[in-house]
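Numbering-wise (this note's numbering), the sequence shown opens with residue 2 and increments by one.
By construction, the Cβ of each residue, glycine as well, lies at the ideal position given by its N, Cα and C atoms.
Please read these numbers as outputs of a predicted model, since none were measured by experiment.
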Amino acid sequence: MTMPFVVDFYATWCGPCITMAHEVELLAVEYVTRVSFLKVDTDEEYQLAHQMEVRGLPTLVFISSDPKEPAHGGHTCKICCSRRYQCKVEST
């Protein structure tokens with residue numbers, strides 16, 4: 002079974018992205034065996050950010066291991082992320 006992903010869309014010039022990076026790293030450690038975390042620099046991967054409909058930074062997108070479930074995004078705080086991913090991960 003494939004693990005779900007959390008994609009962190011950020012930019013090096015984005016102050017809130019830098020602030021949130023530490024929280025995302027803590028989540029990556031906490032869920033290391035249950036979720037894969039990826040970082041995407043939107044300046045370098047503009048096409049992917051556009052395809053994923055990233056409208057602001059920072060943006061986190063949860064991609065389920067279930068291909069029938071759509072990606073969910075827009076969560077920007079640890080409390081929201083933790084509750085969202087814990088719920089998602091435990092239900093798979």
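(request) Output the distance between the C-alpha atoms of residue 7 and residue 29, rounded to the nearest integer angstrom. (result) Take the alpha-carbon of residue 7 and the one of residue 29: they are about 9 angstroms apart.
(message) My output table needs one value for residue 30: the three-state DSSP class, helix, strand or coil.
(response) Note: residue 30 maps to helix in three-state DSSP.
(message) Taking 9 angstroms as the threshold (C-beta atoms), are residue 59 and residue 21 in contact?
(response) Between residue 21 and residue 59, the CB-CB gap stays under 9 angstroms.
(request) Would you tell me roughly how many angstroms separate the C-alpha atoms of residue 23 and residue 69, rounded to the nearest one? (result) Computed Cα separation, rounded: 31 angstroms.
(message) Within a Cβ cutoff of 6 angstroms, which residues of the same chain sit near residue 43, ignoring the five residues on either side of it in sequence?
(response) By the criterion of a C-beta distance shorter than 6 angstroms, residue 43 is surrounded in its chain by 10, 12 and 50, once the five residues flanking it on both sides are discounted.
(request) Mind checking who residue 42 pairs with in its DSSP beta bridge? (result) Note: residue 42 sits in a beta bridge opposite 11.
(request) Evaluate residue 47 with the Cβ neighbour count: other Cβ atoms within 10 Å of its Cβ, from every protein chain shown; 16 or more gives buried, anything less gives exposed. (result) Per the 10 Å Cβ criterion, exposed.
(message) According to DSSP, is residue 25 part of a helix, a strand, or is it coil?
(response) Residue 25 carries a helical assignment under DSSP once its states are collapsed to helix, strand and coil.
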